[in-house]
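S.K.: The opening position of the sequence shown corresponds to residue 1 in the numbering used here, with each subsequent residue numbered one higher. Here you go, one structure.
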Amino acid sequence: MFLQNPHRRYNALSGDWVLVSPQRAQRPWQGRQEPVPSAALAGYASDCYLCPGNQR
1 MFLQNPHRRY NALSGDWVLV SPQRAQRPWQ GRQEPVPSAA LAGYASDCYL CPGNQR
């Protein structure tokens with residue numbers, strides 16, 4: 001029953017009633033989709049202590 005229909009749940013920490021919509025995640029996405037930028041990885045720097053093999 002609770003897995004299909006919207007329902008309210010009591011949040012004991014805040015004392016509020018929260019509306020839960022289980023099927024919200026199944027709706028199709030209608031927002032804008034942006035391409036993932038292909039950023040080049042930074043090269044190795046001998047003075048960078050975060051680079052592998054370097055000491056701090």
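Glycine included, every Cβ here is placed at the ideal spot set by N, Cα and C.
#1: From P35 to W29, what distance separates their C-alpha atoms?
#2: Can you check whether the CB of Q33 is closer than 9 Å to the CB of P6?
#3: Quick check: the Cα distance between L50 and G31, rounded to an integer number of angstroms?
#4: Quick one, which of S38, A42 and A25 has its alpha-carbon nearest Q4's?
M.R.: Taking the coordinates as given:
#1: Distance from the CA atom of P35 to the CA atom of W29, rounded to whole angstroms, is 15 Å.
#2: Taking C-beta atoms as the reference points, P6 and Q33 fail to come closer than 9 Å.
#3: Approximately 37 Å between the Cα atoms of the pair.
#4: Closest by C-alpha distance to Q4, out of S38, A42 and A25, is A25.
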